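Chains as they are written, first to last, in the working numbering: chain W, 1 to 415; chain B, 416 to 830.
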């Protein structure tokens, strides 16, 4: 039996013969031609031939509504064990051929074996922080562009002192003369130590890894030498293979947090692109993201809840056979991080949807707290503790001034 | 005056205050906050602040039709001189924020100065081939997966003997034991020499550069050592920065041909993504593609003609000031190559739309010729000569059996 990777497409067309179309994809993207080949050639090429696995047609009720979900199996022997080769095979030319969206991918065990996946995963990140019994809390730098090291340090300290577990750079902070990566890491980790003496907590600082692709590994090593204990990385702006190679490098021995910047160019259309569960779920996990950010369904930048749940499933599932393929090694789980527009009043909803293995991630919800960023972090921690204790936020607010101030301005959305 | 790069977005929204939204983008993607800053802070941050250049609202006549074209200028000082930094700044988070498409980019002279662009460009490629007075002709390998070196060599020879100027690998041919890159290059260039002795023509073979990102330069050097005289590259599967760094590397002293694989995940939706003139036009040219393939409006994989013309303009314009920015150095022009479904009967249309500075590119239109691939190439050359001589294809077919056979089966689309 030939090992294959299987792609599922949703193809909209009011009139197409979807079965014929599927056959055309299976042949066209593999051996090129089939029925016209002599039998001897067919015998030789059989192992390279794509196969139609299924075609599910939904007729719809009006113009533009008819579609089919088409699954095609591509023999592994046709492509090398890297994400560019897989994507070019299953959605290269085909991405331009009508109203078609790549909605799922299932890998062969052999293909998966080239992907060690997250180096830390959820358990590894928890281990680094020494926190196993609750969702984590992350805070995002607010204004960073144009600020110097001492300003960043001060802002970092305030976030850290509120009891957050992780702090991430803004994804638009690039190499610049005011705050180059190695000095930024030093300054922020000094602030982390200061806060740590007060809170007793450990902290990861995801510093933004940027610059020319072929120098990223050097940048990472330089930052690690300066003490960096995590990286933020704009995966879609660089390509999944770059994430994979950074994550697979033994020298880059810190967690990598994937930012979804530019992903909106690909997932939101119902008719084109790559679905969020593939783009921000499966591909991020096999490429080695320990932590994956994506737009939440709660806040300012929204993604439908079912898409959030599909990403969560892709990042958390341990039934690899069903969703990924017959993995020869376990694939660590990646932290799902619904982001944007998060305030303490949303914590019950987030924990209902994501459970304990998530990171509550806030920017304005920390910095915009009426009593300042320290209180902002504290209000989130109080909200998390309340939900874990089975309390309503209103009850908890009665004895926690920071949480009370937060829900007074942002309100509470009950789960 | 602050140097800026300017992005134009088309934003669909039935109710939004587009001016307010534009202001939110300009502030949110640069300094983070503005009106609430004290005057002293504003003075310090002014040079980092994004500016709304224009907001053109089109009210539309029905639900879902109201949109605005919004132009925002981003100060160069905020990002490093690389495409990932630019994309993350102008269309990172924003790509996920509603029905929004990036439809144009204009660069600062300073940003452009980091991009030498195509190493060869149209004139350089023509120089290598010694062909200055006509459009070029390219042929695409047909079936390659599962074939060995001698089969590839034979197929190569037949294409070359028909008088094509360039032959490209199939973009889905990756490193494999049957035809590894350096042996493929050797075998094909032997075939090229054999054909060259018969046709008197030179030939470029764009071999597919594939594999892990951080080993691409080594792969390229290995192929060049084996005689490679051009590369095909799946730019979107790797990222624009990788193309840029390959093109800027003095050791990679051969033309690079950009394949549009996976681009369909981003350009076709009217509401999301990155427009074709940016994705397959401007960004390809500044990143250094000498030759750019994209779906033609004529054949099997279609892109609307106006989008083709916008790509053509982006690749060919010499008025850099108007379309790119105040470039400090000239940016060579890239060959536009409308592709897919091309047969000799389309040559009048292609030359009407693209003029002489294009490459007529065919796969099935060469291999599917009733008299074989050699006649297939010849028919295309006869069609090109006819158009240049002001003849109709029917007239030319009267004295050219190969062209006659081609138009007998595929017909002629008059320009």
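Yeah, the Cβ is synthetic: ideal placement off N, Cα and C, and Gly gets one too.
It should be emphasised that the depicted structure is a prediction, and the values quoted were computed from it without experimental measurement.
| Check | Outcome |
| --- | --- |
| With DSSP collapsed to three states, give me the class of residue 21/W. | helix |
| For residue 432/B, count neighbouring C-beta atoms within 10 Å of its own C-beta (all shown protein chains included) and say buried if the count is 16 or more, exposed if not. | exposed |
| So residue 175/W contacts chain B; which residues on that side make the cut at Cβ distance below 8 Å? | 495 |
| In chain W, which residues lie with their C-beta within 7 Å of the C-beta of residue 653/B? | 84, 239 and 241 |
| If you compare alpha carbons, which of 766/B, 817/B and 774/B is closest to residue 805/B? | 766/B |
| List, in chain order, every chain W residue whose beta-carbon is nearer than 8 Å to that of residue 510/B. | 261, 262, 263, 264 and 265 |
| Less than 9 Å between the C-beta atoms of residue 763/B and residue 817/B, yes or no? | no |
| Would you mind sorting residue 592/B into buried or exposed? The rule is 16 or more other CB atoms within 10 Å of its CB. | exposed |
| If I'm right that residue 739/B touches residue 522/B with Cβ under 8 Å, what's the distance once you round it to whole angstroms? | 6 Å |
| Please decide whether residue 272/W counts as near chain B, where near means a Cβ-Cβ distance under 9 Å. | yes |
| Give the interface partners of residue 583/B over in chain W, defined as CB-CB distance under 9 Å, in chain order. | By Cβ distance, chain W contributes nothing, its closest Cβ being about 13 Å from residue 583/B, past 9 Å. |
| Are the beta-carbon atoms belonging to residue 503/B and residue 337/W less than 9 Å from one another? | no |
| How about residue 244/W and residue 82/W: are their beta carbons less than 9 Å apart? | yes |
| Going by C-alpha to C-alpha distance, which of 162/W, 302/W, 266/W and 260/W sits closest to residue 383/W? | 162/W |
| Is there at least one Cβ from chain W nearer than 9 Å to residue 718/B's Cβ? | yes |
| Is the beta carbon of residue 423/B less than 9 Å from the beta carbon of residue 518/B? | yes |
| For my contact list, residue 288/W and residue 247/W are in at a C-beta cut-off of 8 Å; report their separation, rounded to the angstrom. | 3 Å |
| With 9 Å set as the bound, which would you pick, yes or no: does the beta-carbon of residue 100/W sit closer than that to a beta-carbon of chain B? | yes |
| In three-state terms, what does DSSP make of residue 10/W? | strand |
| Under 7 Å between beta-carbons, which chain W residues line up against residue 626/B? List them in chain order, please. | 80 and 82 |
| Quick check on DSSP: helix, strand or coil for residue 48/W? | helix |
| Give the interface partners of residue 649/B over in chain W, defined as CB-CB distance under 9 Å, in chain order. | 84, 85, 87, 88 and 92 |
| Per DSSP, what are the beta-bridge partners of residue 74/W in this structure? | 5/W |
| Below 8 Å on the Cβ atoms is my contact criterion, and I expect residue 586/B with residue 623/B to pass it. Report the Cβ-Cβ distance as a whole number of Å. | 6 Å |
| Less than 9 Å between the C-beta atoms of residue 232/W and residue 206/W, yes or no? | yes |
| Locate the alpha helix (DSSP H) running through residue 404/W, then write down its first and last residues. | 401-410 |
| Taking Cβ positions only, does residue 48/W come closer than 9 Å to chain B? | yes |
| Our contact map puts residue 657/B next to residue 211/W with C-beta atoms below 8 Å; I'd like the distance itself, whole angstroms only. | So it is not a contact: roughly 13 Å between Cβ atoms. |
| Scan the segment 664-720 of chain B and note each continuous beta strand (DSSP E) run of 3 residues or more that stays entirely inside, going in chain order. | 671-674 and 706-710 |
| Residues of chain B with CB under 7 Å from residue 31/W, in chain order? | 558, 560 and 561 |
| Decide if the segment 248-257 of chain W is in contact with the segment 110-122 of chain W; the criterion is three or more beta carbon pairs, one per stretch, under 8 Å apart. | yes |
| In the DSSP assignment, what residue or residues form a beta bridge with residue 472/B? | 483/B |
| Excluding sequence positions up to five away, which residues of its chain have a Cβ less than 7 Å from the Cβ of residue 78/W? | 30, 48 and 89 |
| Quick check on this structure: which residue in 471/B, 707/B and 454/B has the alpha carbon closest to the alpha carbon of residue 487/B? | 471/B |
| Starting from the beta carbon of residue 459/B, find every residue of chain W whose beta carbon is closer than 8 Å, and list them in chain order. | 146 |
| List the residues that DSSP assigns as beta-bridge partners of residue 316/W. | According to DSSP, which records beta bridges pairwise, residue 316/W is partnered with nothing at all. |
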